[in-house]
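Heads up: the structure comes next, in structure tokens.
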Amino acid sequence: MKKIFLFLFLIINVNSVYASDNNIVKLLSTTSTRDSGLYGYILPIFENEFNIKVYVIATGTGQALKNAQNCNGDLLITHATELESEFVKNGFGISRHNLMYNDFILVGPKHHSNNIKKSKNIVEAFNLISDNKEKFISRGDNSGTNISELNIWNKTNVDIQKYSGDWYLETGQGMGATLNIAIATDSFVYTDRSTWQKFNNKQEHVVVYENDPMMFNQYGVVQINPKHCNMTNYNYSNIFFKWITSKKGQELIRSYKLNGKSLFIPNFSE
Numbered sequence: 001m002k003k004i005f006l007f008l009f010l011i012i013n014v015n016s017v018y019a020s021d022n023n024i025v026k027l028l029s030t031t032s033t034r035d036s037g038l039y040g041y042i043l044p045i046f047e048n049e050f051n052i053k054v055y056v057i058a059t060g061t062g063q064a065l066k067n068a069q070n071c072n073g074d075l076l077i078t079h080a081t082e083l084e085s086e087f088v089k090n091g092f093g094i095s096r097h098n099l100m101y102n103d104f105i106l107v108g109p110k111h112h113s114n115n116i117k118k119s120k121n122i123v124e125a126f127n128l129i130s131d132n133k134e135k136f137i138s139r140g141d142n143s144g145t146n147i148s149e150l151n152i153w154n155k156t157n158v159d160i161q162k163y164s165g166d167w168y169l170e171t172g173q174g175m176g177a178t179l180n181i182a183i184a185t186d187s188f189v190y191t192d193r194s195t196w197q198k199f200n201n202k203q204e205h206v207v208v209y210e211n212d213p214m215m216f217n218q219y220g221v222v223q224i225n226p227k228h229c230n231m232t233n234y235n236y237s238n239i240f241f242k243w244i245t246s247k248k249g250q251e252l253i254r255s256y257k258l259n260g261k262s263l264f265i266p267n268f269s270e
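For the sequence shown, the residue numbers in this note's numbering are 1 to 270.
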């Protein structure tokens, strides 16, 4: 009789753990959305409504896509449209949709910024940084931010790899850590606006250049393909996908503000 009760106890506990695991959506995300505080604002609302826990795994976009390809998550929110589209094309994702956007900015020490502020465009600003051998801190991590930054360098007359380790330094870290290094070394840095707005260690650093079309920052949402990753929690991740792309989810994104300004503008498209 004791063996029967023990057997039933084990079945109940295994099922409880399984149900608990099934109640989690693993969101593979870029660090900027986490560092901005967006998830801390919207996820509790979703979790309370659906009793589904969203576990955020924040890395650079390139690493997030690799993690998704290796079936280490259920859903992606990243910001490198071409890489996301390629991910879907290769069968790793079901579909890619625009979710929201903001922009990138160039940040630098206030006392070194006057000439760069007068630049006609962001390419000219980067050329001036190179000409003056101003210290520049890059994430160097194949994140969406890093990809956008390198796209700008590719439009300049500068072969940036020649100066790696000289005035151009790569951290291989997330946006928050990279900003701290830029502040500590009195350097220029390319960042998403939302992380900078939330960042508390600005000291004497200011926005040096902004509002160039090349600095547009589009975020996408991608559902991981259960045919590629048969253990992905598609049913629950689909609930979250439908919620965050719904009118309610999009309005919650818009309503997340700092100093009265929205940090992200929703623009979901089918």
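C-beta: ideal position from N, C-alpha, C; glycine also.
Paired residues, beta bridge with residue i - DSSP
| i | result |
| --- | --- |
| I77 | S29, V221 |
| N102 | N217 |
| N96 | First, the amino acid is wrong: residue 96 is Arg here, not Asn. DSSP, once it has assigned bridges, lists V222 as partnering R96. |
| G165 | Answer is none; G165 lacks a bridge partner. |
| L258 | K261 |
| V107 | V189, V207 |
| I24 | K53 |
| P44 | None, per the DSSP bridge assignment. |
Run of the alpha helix (DSSP H) containing residue i, from where it starts to where it stops
| i | result |
| --- | --- |
| I57 | Looking at the DSSP string, I57 is not in any alpha helix (DSSP H); the run it does join, the beta strand (DSSP E), is 53-59. |
| S274 | Since the displayed the chain opens at 1 and closes at 270, residue 274 lies outside it and no answer follows. |
| T145 | 144-155 |
| I308 | With the chain covering only 1 through 270, there is no way to say anything about residue 308. |
| I116 | 114-117 |
Chain-order list of residues whose beta-carbon lies under 7 Å from that of residue i (same chain, five-residue window excluded)
| i | result |
| --- | --- |
| G91 | N225, H228 |
| K155 | V123 |
| H112 | E134 |
| F268 | H97, N98, L99, T245, Q250 |
| S119 | A125, L128, Y209 |
| N132 | none |
| E47 | K53, V54 |
Endpoints, the beta strand (DSSP E) within which residue i is located
| i | result |
| --- | --- |
| L276 | The requested residue 276 does not occur in the structure, where the chain is confined to residues 1 to 270. |
Close-in-space but distant-in-sequence residues of the same chain around residue i (CB under 6 Å, 5 per side omitted)
| i | result |
| --- | --- |
| R96 | E84, S85, V88, G220, V222 |
| I42 | L252 |
| A182 | I137, V189 |
| N15 | Any reading at N15 needs caution, since the residue's pLDDT is 36, under 50, leaving its predicted position unreliable; the model's value is listed next. Closer than 6 Å at the Cβ level, and outside the excluded window around N15, lies no residue. |
| S148 | F104 |
| K110 | E204, V206 |
| G172 | G140, D141 |
| A58 | S29, T31, R34 |
| K198 | S36, G37 |
| N121 | D212 |
| K3 | Caution is warranted here: a pLDDT of 41 is assigned to K3, below 50, making its placement in the model unreliable, and the coordinate value is therefore given only provisionally. Closer than 6 Å at Cβ, skipping near neighbours: no residue. |
| R254 | S262, P266 |
| I116 | A125, L128, V208 |
| G174 | T31 |
Other residues of its chain near residue i: CB distance less than 8 Å, five sequence neighbours each side excluded
| i | result |
| --- | --- |
| T78 | L28, S29, T30, T61, A64, L65, E84, G144, Y219, G220, V222 |
| R193 | N102, D103, F104, I105, E210, N217, L263 |
| S187 | G108, P109, E134, K135, F136, I137, L169, I181 |
| W153 | F126, I160 |
| T178 | I137, S138, R139, T171, V189, T191 |
| N201 | L179, N180, I183 |
The ligand FMN heavy atom lying under 7 Å from the CB of residue i
| i | result |
| --- | --- |
| K162 | The ligand FMN is not among the ligands present in this structure, which contains no ligands whatsoever. |
- Item | Every unbroken alpha helix (DSSP H) inside the stretch 182-233 [4 residues or more] | 193-198
- Three or more C-beta pairs closer than 8 Å, one from the stretch 156-168 and one from the stretch 67-87: is that the case here? With the cut-off at 8 Å, the stretch 156-168 and the stretch 67-87 do not touch.
- Message: Does the structure place the stretch 59-75 close enough to the stretch 99-106 that three or more beta carbon pairs sit under 8 Å?
- Response: A contact is defined here as three or more CB-CB pairs under 8 Å, and the stretch 99-106 fails this definition with respect to the stretch 59-75.
- Are there three or more Cβ pairs, one per stretch, closer than 8 Å when the stretch 196-213 is compared with the stretch 228-243? no
- Message: Check whether the stretch 237-257 and the stretch 46-54 touch, using three or more Cβ-Cβ pairs below 8 Å as the test.
- Response: yes
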